[in-house]
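*Asks:*
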Amino acid sequence: MASFFSALVRSCSVGSPGINNPFVSHFLVDVSDDGTKCIRQYGHKTLGIALPILPPGVIIADPVNLDFVFKNEELFQKGQFFRHRLQDLFGYGIVNINGDLWRQQRAAGTHFFNVATMKSLTESELPRALEQTVRQLDKCANSDTAFDLEAVFHELTTQLIGRLAYGTEMHAHDEFTTAFDHASAEIAKRFQNPLRRWTELMTGGKLRESVRVIKRYGQDLVAQTIEKRKAKDGPVKLKGNNTASNLIETLLDSLGDQELVADSALNYLSAGKDTIAQALTWTFYLLIMHQGVAEKIYHFDIGTGSWSTEDRSCQSPMIQQDLSAETTHFILAVFYEALRLYPPIPFDMKEAQNDTILPDGTCIPKGSVVLWCTWAMNRSAKTWGEDADIFRPERWLEGGRFKQRTTSEFPVFQGGARLCLGKKMAERIAVQVIATLTRLFIFERDFEGEKTSPTHLTLPMEGGLQVCIKR
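Number 481 marks the last residue of the sequence shown (our numbering); no jumps.
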């Protein structure tokens, strides 16, 4: 890649003379390495984009500028460049829309992620799914047989989200999941190749079939939910005051239109199961590479779970909810440090709906894209210190207590009106999974070198996470 960013922008419009070096096409592939190199060279300065496959625009790295974008949702929205490329996968779901439809789906999600849902998660669904995971891992323990831990986490989160949000049994090896993984990887290539739509006419048969499988799955979810409601409550109003027991019922009550509900349900499903599974995978990768951190978790006062100190086994594989504060805060620090180094969404972009000026004085004409590389921002020495490349969970602790950073400094969960609704759910799942598995098993690597991610819309691990485990 010749140059990740085209030129420095100093209080000027995007179309100013001098912004003309190439921002070459494979930015999704190289965004991590080149974005990090550039943020080290230019710091938080705004840089211009000059590339035929992108609208004119800038790449921001200053948290002050990103905070401005987050706080002005009506001004910076998902533009046509972004939406057009994702339309056949995400449709009119919350990931890919703006305005009233987005607000309706956001409200439905907010209604679902309430105290009752979190209670069901921690007291019922997570213990059940985690127990199945422990039993699966037990079969592999002490056998010297390697397996893919990423696949295990995908099964865990798929089961969990399926039961909690959709009231149905789902599995990571289902036809839908395979189709979604293929479609995500192929559609990500549209951001690299300006001719991708044309090449898909000749080579996109499998992609089109994958999209059909995905859409059919969403439609079936909605139809099954309606039938279950009819059997339980009688006739169902597609938009009204029914009693919602899960997310898809809440969406039906809020949106009404079955096709729109299917799109929205699939958006929430992908955002929930894939990103959490990937985050857990990268967390355990880092724990394997830094065994001292895993040992530190093991030696914490874990709480009142039923653990046998003789053989490291437990009468019930679920650690009790009363983890000590010290344990919880440290595990959160470990999880957030993994998210910092391996954010599930490495970059994002918005499109200006009107002319505006960023806080640093950069003029942004209407229709320009504003892109930020979360991967690179999370490695900024200016924000995180000279050891920004190092896995050091303690950077998140102050006096032994976990301390959040602002969303503009740490944009992993977005910010402003689009702050991730599942943030608390992800934290609760991560803390219990990390606490349980590090308490029960010793994970050993069965791979060479450093792990990377393939071209994708999110951040899966290339080749999975091959490990061996011991009790």
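For every residue, glycine included, the Cβ atom is placed at its ideal position computed from N, Cα and C.
Since the structure is predicted, the reported quantities are computational estimates derived from the model, not experimental observations.
When you compare the CB positions of GLY101 and ILE171, do they come within less than 8 Å of one another, or not?
*Replies:* no
*Asks:* Across the stretch 101 to 110 and the stretch 409 to 422, are there enough close Cβ pairs to call them in contact, namely three or more that are closer than 8 Å?
*Replies:* no
*Asks:* Please work out which residues of its chain come closer than 8 Å, Cβ to Cβ, to HIS164, disregarding the five sequence neighbours upstream and downstream, and give them in chain order.
*Replies:* Result list for HIS164: ALA182, THR187, LYS283, ASP284 and ALA287, in chain order.
*Asks:* Might you give, ordered along the chain, the residues of its own chain that have their beta carbon closer than 6 Å to the beta carbon of PRO73, omitting 5 neighbours on each side?
*Replies:* SER418 and GLU419
*Asks:* Inspect the CB distances between the stretch 118 to 133 and the stretch 262 to 281 and report whether three or more fall short of 8 Å.
*Replies:* yes
*Asks:* When the Cα atoms are used, what is the spatial distance from THR168 to MET180?
*Replies:* 6 Å
*Asks:* When the Cα of TYR176 is compared with those of ARG405, LEU349 and VAL232, which residue comes out closest?
*Replies:* When each option's Cα is compared against that of TYR176, the closest is VAL232.
*Asks:* Considering GLU381, what are the terminal residues of the beta strand (DSSP E) in which it resides?
*Replies:* Here the sequence assigns Leu to residue 381, which means Glu is not the residue at that position. Note, LEU381: beta strand (DSSP E), 379 to 383.
*Asks:* Can you check the stretch 354 to 429 for any beta strand (DSSP E) of at least 3 residues that lies completely inside it and give the ranges in chain order?
*Replies:* Here the runs fully enclosed are 357 to 362 and 379 to 383.
*Asks:* Helix, strand or coil for ARG226? Go by DSSP, reduced to three states.
*Replies:* helix
*Asks:* Closest to PRO66 by CA distance: which of GLU361, ILE49, LEU270 and ARG389 is it?
*Replies:* GLU361
*Asks:* Identify whether THR55 lies in helix, strand or coil by the three-state DSSP scheme.
*Replies:* In the sequence as presented, Thr is not what sits at residue 55; that position holds Lys. LYS55: coil per DSSP, three-state reduction.
*Asks:* Could you name each continuous beta strand (DSSP E) segment of 3 residues or more that falls completely within the stretch 147 to 191, going from the start of the chain to the end?
*Replies:* Whole beta strand (DSSP E) segments, 3+ residues: zero.
*Asks:* For the beta strand (DSSP E) containing GLU454, list its first residue and its last residue.
*Replies:* Where GLU454 is concerned, the enclosing beta strand (DSSP E) starts and stops at 452 to 455.
*Asks:* Is GLN325 helix, strand or coil when you go by DSSP?
*Replies:* Because the pLDDT at GLN325 is just 46, under 50, the model does not fix this residue reliably, and the value given afterwards should be weighed accordingly. GLN325: coil per DSSP, three-state reduction.
*Asks:* Since LEU450 and THR291 are thought to touch, with beta carbons under 8 Å apart, how far apart are those beta carbons, to the nearest angstrom?
*Replies:* Not confirmed; about 18 Å, so no contact.
*Asks:* Taking all protein chains shown into account, decide if PHE37 is buried (16 or more other Cβ within 10 angstroms of its Cβ) or exposed.
*Replies:* Per-residue confidence for PHE37 stands at a pLDDT of 44, beneath the threshold of 50, marking its modelled position as unreliable; the derived number appears in the next sentence. It is buried - the Cβ of PHE37 has at least 16 other Cβ atoms within 10 Å.
*Asks:* Closer than 8 Å is the cut-off here; do at least three beta carbon pairs connect the stretch 352 to 361 with the stretch 449 to 469?
*Replies:* yes
*Asks:* Return the chain-ordered list of same chain residues with a C-beta closer than 7 Å to the C-beta of THR143, the five sequence neighbours on each side being excluded.
*Replies:* These residues qualify, in order along the chain: VAL162 and LEU166.
*Asks:* By the three-class DSSP mapping on this structure, what secondary structure does ILE479 have?
*Replies:* strand
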